[in-house]
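Those letters in the sequence shown? Residues 1 to 131, per the numbering used here, in order.
By construction, the Cβ of each residue, glycine as well, lies at the ideal position given by its N, Cα and C atoms.
Being a predicted model, the structure only gives us computed values, none of them experimental.
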Amino acid sequence: MLSLIQRFIELGKGYGDIFELCELARVNKNRIHRAFIFTSKKENKEYCSIAIALKPINSANFFPIYICREGIPNTNPITQRLSTFQATLDELKIIPIQLEIKHSSIYDDKELFYQYVIGVLRLNHLIPPLQ
Numbered sequence: 001m002l003s004l005i006q007r008f009i010e011l012g013k014g015y016g017d018i019f020e021l022c023e024l025a026r027v028n029k030n031r032i033h034r035a036f037i038f039t040s041k042k043e044n045k046e047y048c049s050i051a052i053a054l055k056p057i058n059s060a061n062f063f064p065i066y067i068c069r070e071g072i073p074n075t076n077p078i079t080q081r082l083s084t085f086q087a088t089l090d091e092l093k094i095i096p097i098q099l100e101i102k103h104s105s106i107y108d109d110k111e112l113f114y115q116y117v118i119g120v121l122r123l124n125h126l127i128p129p130l131q
């Protein structure tokens, strides 16, 4: 049996990227495994990353997690970008999982950061284990 490949696919941090992620969610609503809002801190400021994890297609072993990483300041009231994502999830009747994670800036390599996040998600049984 082939091993499941879990990988982050990073979109940008701007409004257009948020709309793209929301459209990916709408088009793939039947494939959504979970949606996530990650919070992290850098220099006493809190940032949000938003993501959707999609189930593999047919017998493929690829489990993509689309993410807009740390581009949204976590403020009160919430920013337009975060409220757009939440409105899309409401429309799709999906409740996002909210997790606090380390900020990616503490890692020398972005891939190490993503390995860390995948580990956190697996440990919390939020994505499937490797097969």
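Is it buried or exposed for residue i, if we count other Cβ within 10 angstroms and need 16 for buried?
i	result
L24	buried
E70	buried
L21	buried
F85	buried
R81	buried
T88	buried
M1	Because M1 carries a pLDDT of 48, less than 50, the predicted location of this residue cannot be relied on, and the following value inherits that uncertainty. Exposed.
S104	buried
V117	buried
L123	exposed
Y15	exposed
Using 8 Å as the threshold, is the C-beta distance between residue i and residue j below it?
i	j	result
G12	C48	no
F38	L112	no
F36	I18	no
R7	P64	yes
A53	I101	no
I97	R34	yes
N61	I5	yes
L92	K41	no
S3	L130	yes
At which residues does the beta strand (DSSP E) containing residue i begin and terminate?
i	result
S49	45-54
L99	97-100
Y66	62-73
L11	5-11
Which residue marks the beginning of the alpha helix (DSSP H) containing residue i, and which one marks its end?
i	result
Y114	110-123
L89	80-91
So who's on the other strand from residue i, going by DSSP bridges?
i	result
A35	I52
K42	K45
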